[in-house]
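Undergrad: Residue numbers (my numbering): 21 to 237. Sharing a structure, written as structure tokens. Questions coming.
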Amino acid sequence: MRLKYAITIGDPKSAQIVAVQSRSTGNSHLSRDDIVTALGLTQSRCRTGLALIYAKYTKDPYSAEMALAGLQQYATATAKKYFSESGSGFRIAISIMAMLALEEYCRTADTPGAKCLCGGRGQTRDLKKSKKNGFPVYQECKRCKGTGLRPLTQTRCHHAIIKHFPVSQSTYSRYWRPFYDDLLSWCYRQESLAEDSYNLITSLNPRFREMTGNEQV
Ligand SMILES: [Zn+2]
Numbered sequence: 021m022r023l024k025y026a027i028t029i030g031d032p033k034s035a036q037i038v039a040v041q042s043r044s045t046g047n048s049h050l051s052r053d054d055i056v057t058a059l060g061l062t063q064s065r066c067r068t069g070l071a072l073i074y075a076k077y078t079k080d081p082y083s084a085e086m087a088l089a090g091l092q093q094y095a096t097a098t099a100k101k102y103f104s105e106s107g108s109g110f111r112i113a114i115s116i117m118a119m120l121a122l123e124e125y126c127r128t129a130d131t132p133g134a135k136c137l138c139g140g141r142g143q144t145r146d147l148k149k150s151k152k153n154g155f156p157v158y159q160e161c162k163r164c165k166g167t168g169l170r171p172l173t174q175t176r177c178h179h180a181i182i183k184h185f186p187v188s189q190s191t192y193s194r195y196w197r198p199f200y201d202d203l204l205s206w207c208y209r210q211e212s213l214a215e216d217s218y219n220l221i222t223s224l225n226p227r228f229r230e231m232t233g234n235e236q237v
């Protein structure tokens, strides 16, 4: 079972538990306690990674706060690679970039206003092929490239920092955009570290191995 589904089962607060469980565990015999144990171990190893995943998939505000704290720390440390500036305006701008990167990372099709014109499905009907075959044929949505999400523009980030730390469009593109991308990919890296750790924990434990089998949701 993928970690992102496991968390909704391990989270007693989640209203999605039943829905997700029926969708993702079908023939799995992993008990809720097994999952909670594996999640606990994952948390002790990849605290921020797991917080990011919770923030994204369960929209838990406490996890979002924890994830943001981790990301802010990374942003402050890594900013030195991109900028030589300092001062309070600059620090606020760095902090805003971290918030916006987290917001982008956490977007799912459930996020208000995030859905693409394809309705968040990431697919559109191929009219030509559908007509030719006589049944609906789907293709990857060209607008969102299959994510189901409306692409975000960098203008929103540039506008958000400009009040605190004025930078020109070209300076933004040259230095701030790569910095933002760095923050966003850090989030994905933490997510996959947590995912790897969870998979390792469940695969090392013979009980887990026997229970999960080849199942991949
Ligand atoms: Zn789309």
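Ideal Cβ positions, reconstructed from N, Cα and C, are used throughout, including at glycine. Everything numeric in this text was worked out from a predicted model, so none of it was measured.
In three-state terms, what does DSSP make of residue 169?
TA: Residue state, collapsed to three classes: strand.
Undergrad: If you reduce the DSSP assignment to three classes, tell me which class residue 174 lands in.
TA: Reduced to three states, the DSSP call for residue 174 is coil.
Undergrad: For residue 98, collect the residues of the same chain with a Cβ closer than 7 Å to its Cβ; drop the 5 residues on either side in sequence, then sort them by chain order.
TA: Same-chain partners within the cutoff: 202.
Undergrad: Collect the residues with a C-beta less than 5 Å away from any heavy atom of ligand 1 and give them in sequence order along the chain.
TA: The answer, residue by residue, is 136, 138, 161, 163 and 164.
Undergrad: Check whether the Cβ atoms of residue 90 and residue 68 lie closer than 8 Å to each other.
TA: Going by C-beta atoms, residue 90 is nearer than 8 Å to residue 68.
Undergrad: Opposite residue 159 in the DSSP bridges: which residues?
TA: BP columns for residue 159 point to 144.
Undergrad: With hydrogens ignored, establish whether the beta-carbon of residue 69 is closer than 7 Å to any heavy atom of ligand 3.
TA: With respect to ligand 3, the structure offers nothing, as its ligand set consists of ligand 1.
Undergrad: Using three-state DSSP, classify residue 149 as helix, strand or coil.
TA: Looking at residue 149 - three-state DSSP - the assignment turns out to be helix.
Undergrad: Between which two residues does the alpha helix (DSSP H) carrying residue 196 extend?
TA: Where residue 196 is concerned, there is no enclosing alpha helix (DSSP H), given that its DSSP letter is neither H nor E.
Undergrad: Bridge partners for residue 24 per DSSP, in chain order?
TA: DSSP, once it has assigned bridges, lists no residue as partnering residue 24.
Undergrad: Tell me whether the beta-carbon of residue 135 lies closer than 8 Å to the beta-carbon of residue 163.
TA: No, they are not a contact pair.
Undergrad: Where does residue 80 land, buried or exposed, given buried means 16+ other C-beta within 10 angstroms?
TA: Burial call: buried.
Undergrad: Identify every residue that forms a DSSP beta bridge with residue 135.
TA: According to DSSP, residue 135 bridges with 169.
Undergrad: May I ask you to report which of helix, strand or coil DSSP gives residue 57?
TA: Correct three-state label for residue 57: helix.
Undergrad: Please state the DSSP three-state secondary structure of residue 45.
TA: For residue 45, the pLDDT reaches just 44, beneath the cut-off of 50, and the residue's location in the model is therefore unreliable, although a value from the coordinates is still provided. Coil at residue 45, not helix or strand.
Undergrad: Under three-state DSSP, which class holds residue 110?
TA: In this structure, residue 110 counts as helix in the three-state DSSP scheme.
Undergrad: DSSP on residue 205, reduced to helix/strand/coil?
TA: Reduced to three states, the DSSP call for residue 205 is helix.
Undergrad: Identify which residue in 70, 115, 197 and 78 has its Cα closest to the Cα of residue 87.
TA: Ranking 70, 115, 197 and 78 by Cα distance to residue 87 puts 70 first.
Undergrad: Taking the alpha helix (DSSP H) that residue 186 falls in, what are its first and last residues?
TA: Counting along the chain, residue 186 falls outside any alpha helix (DSSP H), and DSSP gives it neither H nor E.
Undergrad: Helix, strand or coil for residue 124, going by three-state DSSP, please let me know.
TA: In this structure, residue 124 counts as helix in the three-state DSSP scheme.
Undergrad: What does the alpha-carbon distance come out to for the pair residue 95 and residue 115?
TA: Looking at the two C-alpha atoms, the distance is approximately 8 Å.
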